[in-house]
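Numbering (our numbering), first residue to last: 44 to 157.
Yeah, the Cβ is synthetic: ideal placement off N, Cα and C, and Gly gets one too.
These numbers come from a predicted model, not from an experiment.
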Ligand SMILES: [Zn+2]
């Protein structure tokens, strides 16, 4: 076949195609961090540089870690303190006092029943 002969003579390229690594732009990667306030940030790092274990949150200045469930700065061994801290962040002093008052009343009621 004539067409087969025409195609056979064509060579694309002159050897294996190989990307020159030195010409590639600096590779980068995004690493996700979470701070104790729940902000998620994704700073950009060079791909060959080791990512730090902590990064400062640009939104609140708190240290942010790579574990979403356990951000740095969040008290882990004191759940009551942590809960109160969260309540204080969301509520005013008066609201907090009312909640505490109600909680104490319930506690006293429960103790009275026992
Ligand atoms: Zn933050």
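field: Short Cβ contact (8 Å threshold) for residue 83 with residue 96
entry: No, the Cβ-Cβ distance between residue 83 and residue 96 is not below 8 Å.
Candidates 102, 143 and 151: closest to residue 81 by CA position: Distances from the CA of residue 81 to each of 102, 143 and 151 were compared; the closest alpha carbon is that of 102.
Alpha carbon of residue 111 to alpha carbon of residue 76, nearest angstrom: Here the C-alpha atom of residue 111 lies approximately 7 Å from the C-alpha atom of residue 76.
query: To the nearest angstrom, how far is it from the Cα of residue 93 to the Cα of residue 79?
result: Between the alpha carbons of residue 93 and residue 79 lies a distance of about 23 Å.
- request: Give me the Cα-Cα distance between residue 120 and residue 126, rounded to the nearest whole angstrom.
  value: Reliability fails at residue 120, whose pLDDT of 47 lies under 50, so the model's placement of it is uncertain and the value that follows must be treated cautiously. Cα-Cα distance, rounded: 12 Å.
task: Would you identify the three-state DSSP class for residue 109, choosing helix, strand or coil?
output: Assignment of residue 109 by DSSP, reduced to helix, strand and coil, places it in the coil class.
field: Residues bridged to residue 78 (per DSSP)
entry: DSSP, once it has assigned bridges, lists 107 as partnering residue 78.
Nonlocal neighbours in the same chain, by C-beta distance under 7 Å from residue 133, ignoring five residues either side: Nothing meets the Cβ criterion.
- prompt: Looking at residue 191 and ligand 1, is the gap between the Cβ and the nearest heavy atom below 7 Å?
  reply: No statement about residue 191 is possible, as the shown extent of the chain runs from 44 to 157 and does not include it.
task: Mind checking which residues open and close the beta strand (DSSP E) that includes residue 89?
output: Run containing residue 89: 87-89, per the beta strand (DSSP E) assignment.
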